[in-house]
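Numbering (the numbering used here), first residue to last: 3 to 396.
Don't be surprised by glycine CBs; every beta carbon is placed ideally from N, CA and C.
Written out below as structure tokens is the structure these notes cover.
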Ligand code: C2E
Ligand code: CA
Ligand code: CA
């Protein structure tokens, strides 16, 4: 990201925001003291601004009206809401912005914290980079054909038991030069080219084999598998996954299927059909990436989830940013009311661990415990590192 526009009536805030954005590496930072002036600047630049940071409470034209306009002019950049209003109001506006089609990077409660802003922008930058690495249909086909796709595993700590009881399977691709590639560009391409079903089959097949191997070595671990929301129109999916588990002699009840909240939640008969049959087959269901979509209590009630997984972007920023911390706490409280397990992902520091545990997360995933690793490294890690990693984190 290169260019930013700060819309805020507070002159001191504009100065601080400009300094912070320049320190982070923005080449051009424009300033506007109310909504109308901001939109005028945006039009003068033909909408060509990478980031708009907007206040809510301003004279003349408020932030909500600015955001509505951003939706109408097909603004392609990203939005950060920075406000001193209370968090429930900021959160409503954030949801409203997503609904009118504006890409929201996050919401920050004033005063501006440079660490929180940097974390938000870095998270975005790495996501954008990963998505933009184009994977062609041919590359995808050959990755499948040459068996270059495999799951890696990230340990998951049960904080009440104080030990690692499960893992999340995360797709990795081996490049021709032997390098290991991250999943997002492949998932994106597989969804686009309608090959996601094949990719999921491959992952499930390998997970089932690995579970069998670990079991023989004395480790009966729970496993979580990511399911693309695009697959929720594939009515055969529940039976197919179940059959693979039974063929491998593995009980589906040790397995959680994670489905991201940010794209699928339309109240569609097929979605409810598929999720219900996954549950009937014995799988648990997790709502993944909590906080990035517009989940309501209603939706959590409607869909048969067992677990809520708080997105790492909030966990990473929770120690520095009030909005992120509140999202973590709200997720945990919502889950407790509905009797769901809570997982916090992206726990990198002892401070974050303390914060999410106090909020009520019973399960912890993050670099503090371990990074994802290949399946054949996991037994070794469980034998020699798991106890140490858990003790060090405690
Ligand atoms: P996700 O499901 O939200 O997975 C968590 C991501 O956070 C993983 O990235 C993991 O490596 C990373 N992570 C875990 N702990 C930390 C931490 O402490 N700090 C930081 N900075 N990151 C941490 P990864 O492996 O790159 O996966 C990215 C996404 O790709 C996943 O996000 C998931 O949405 C998707 N994905 C991965 N495997 C599959 C798959 O088999 N099927 C589908 N449909 N999607 C997959
Ligand atoms: Ca996940
Ligand atoms: Ca996530």
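Are the CB atoms of residue 366 and residue 159 within a distance shorter than 8 Å?
Yes, the Cβ-Cβ distance between residue 159 and residue 366 is below 8 Å.
Residue 8 vs residue 31 beta-carbon contact at 8 Å:
A contact, by the Cβ cut-off of 8 Å.
Over what stretch of residues does the alpha helix (DSSP H) that includes residue 215 continue unbroken?
Segment 198-218, the alpha helix (DSSP H) holding residue 215.
Helix, strand or coil for residue 112, going by three-state DSSP, please let me know.
Here DSSP, grouped into helix, strand and coil, assigns residue 112 to coil.
Would a C-beta distance cut-off of 8 Å place residue 289 and residue 311 closer than the cut-off?
With contacts defined by Cβ atoms closer than 8 Å, residue 289 and residue 311 form a contacting pair.
With distances taken Cα to Cα, identify the nearest neighbour of residue 262 among 256, 248 and 305.
Closest option to residue 262, Cα to Cα, is 305.
When the Cα atoms are used, what is the spatial distance from residue 45 to residue 78?
Their Cα atoms are separated by approximately 13 Å.
Would you check whether ligand 1 has a heavy atom nearer than 7 Å to the C-beta of residue 93?
Remark: the C-beta of residue 93 is outside contact range of ligand 1, defined as less than 7 Å to any heavy atom.
Tell me whether residue 354 sits in a helix, a strand or coil according to DSSP, three-state version.
Assignment of residue 354 by DSSP, reduced to helix, strand and coil, places it in the helix class.
Cβ atoms of residue 225 and residue 256: under 8 Å apart, would you say?
The beta carbons of residue 256 and residue 225 sit closer together than 8 Å.
Grab me the residues of residue 28's own chain with a C-beta within less than 7 Å of its C-beta, minus the 5 sequence neighbours each way, in chain order.
The answer, listed in chain order, is 3, 4, 5 and 6.
Determine, for residue 47, whether the minimum Cβ-Cβ distance to residues of chain C falls below 8 Å.
Among the chains of the structure shown, chain C does not appear; only one protein chain is present.
Please confirm whether residue 206 and residue 252 have their CB atoms less than 8 Å apart.
Not a contact, by the Cβ cut-off of 8 Å.
Quick one: which unbroken beta strand (DSSP E) runs of 3-plus residues sit fully inside the segment 25-53? Chain order, please.
Counting whole runs of 3 or more residues, the segment 25-53 contains the beta strand (DSSP E) stretches 30-34.
Is residue 263 near ligand 3, judged by its Cβ being under 7 Å from some heavy atom?
For ligand 3, not one heavy atom lies less than 7 Å from the Cβ of residue 263.
Among 156, 71, 63 and 115, whose alpha-carbon lies nearest the alpha-carbon of residue 348?
That would be 156, whose Cα lies nearest to the Cα of residue 348.
Burial state of residue 215, where buried means 16 or more other Cβ atoms lie within 10 Å:
Here residue 215 is exposed. Its C-beta has fewer than 16 other C-beta atoms within 10 Å.
Inspect the CB distances between the segment 312-329 and the segment 269-282 and report whether three or more fall short of 8 Å.
No: the two stretches stay apart, fewer than three of their Cβ pairs being nearer than 8 Å.
Nearest-angstrom Cα separation, counted from residue 20 out to residue 33:
In this model, residue 33 and residue 20 are separated by some 8 Å (Cα to Cα).
In angstroms with no decimal places, state the Cα-to-Cα distance between residue 238 and residue 395.
For the pair residue 238 and residue 395, the Cα-to-Cα distance works out to about 42 Å.
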